[in-house]
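First up is the structure itself, then whatever we jot down about it.
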Amino acid sequence: GDFFIIGFEEEIGVKNHIALIYGDISLVDPILTRIHSECLTGDALFSLRCDCGFQLESALITIAKAGSGILIYHR
12 GDFFIIGFEE
22 EIGVKNHIAL
32 IYGDISLVDP
42 ILTRIHSECL
52 TGDALFSLRC
62 DCGFQLESAL
72 ITIAKAGSGI
82 LIYHR
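Letter 1 of the sequence shown, counting from 1, is numbered 12 in our numbering, and no numbers are missing.
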């Protein structure tokens, strides 16, 4: 499905983060949420040295199946 993406910046520090929002989150409480720490080799290249890419994919699939949710991509 289609996720809506929002970028935001820390008030203290210089890091930017991303929130991927799926569905209408105003209709559910609590909101299904995953905080995912950035891992370039795992997320983009599905490195076999970690399971980060598989965790990211699983979280996005779970959110889509639930009909709504947020994935915060912590960079």
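Glycine included, every Cβ here is placed at the ideal spot set by N, Cα and C. Note that the coordinates shown come from a computational prediction; the quantities given were computed from them, not determined experimentally.
The beta strand (DSSP E) enclosing residue i, as first and last residue numbers
i: residue 18; result: 15-20
i: residue 45; result: 44-48
DSSP three-state assignment for residue i, whether helix, strand or coil
i: residue 81; result: strand
i: residue 71; result: helix
i: residue 31; result: strand
i: residue 64; result: helix
i: residue 36; result: helix
i: residue 26; result: coil
Where the alpha helix (DSSP H) through residue i begins and ends
i: residue 51; result: 51-56
Supposed contact pair residue j and residue i - C-beta distance, whole angstroms, cut 8 Å
i: residue 33; j: residue 75; result: 6 Å
i: residue 31; j: residue 14; result: 4 Å
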